[in-house]
Amino acid sequence: MEANSLFIFHPSSNDEAEALKAIAKAMKIKFEITKDIPYNPDFVKKIQESKKQAKEGKTVQIDLDEIWKD
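Numbering (my numbering), first residue to last: 127 to 196.
Okay, here's the thing in structure tokens:
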């Protein structure tokens with residue numbers, strides 16, 4: 127593993143987050159904390175378009191029996 131590898135942690139509590147920060151500081155490892163998770167702009171555009179279509183009633187209903195047809 128290279129020294130410039132990126133590690134992403136997902137702490138599930140404040141205690142875990144504080145422990146990770148303490149470990150990084152103790153080992154003198156640079157770190158950053160972000161609250162926003164950036165999404166791919168193309169993905170965001172598709173989701174926004176889908177929401178717009180749903181609001182405009184441009185949806186298709188599919189019967190459950192049709193989904194599972196062979």
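Ideal Cβ positions, reconstructed from N, Cα and C, are used throughout, including at glycine. Only a predicted model underlies this, so the values are computations on that prediction, with no experimental measurement involved.
query: Cβ atoms of I159 and K151: under 9 Å apart, would you say?; result: no
query: Quick check on the DSSP output: the alpha helix (DSSP H) that includes Q174 runs from which residue to which?; result: 167 to 181
query: Using a Cβ-based criterion (distance less than 8 Å to any ligand heavy atom), does Y165 qualify as near the ligand FMN?; result: Because no ligand of any kind appears in the structure shown, any question about the ligand FMN cannot be addressed here.
query: Please say whether A129 and P137 have beta carbons closer to each other than 9 Å?; result: no
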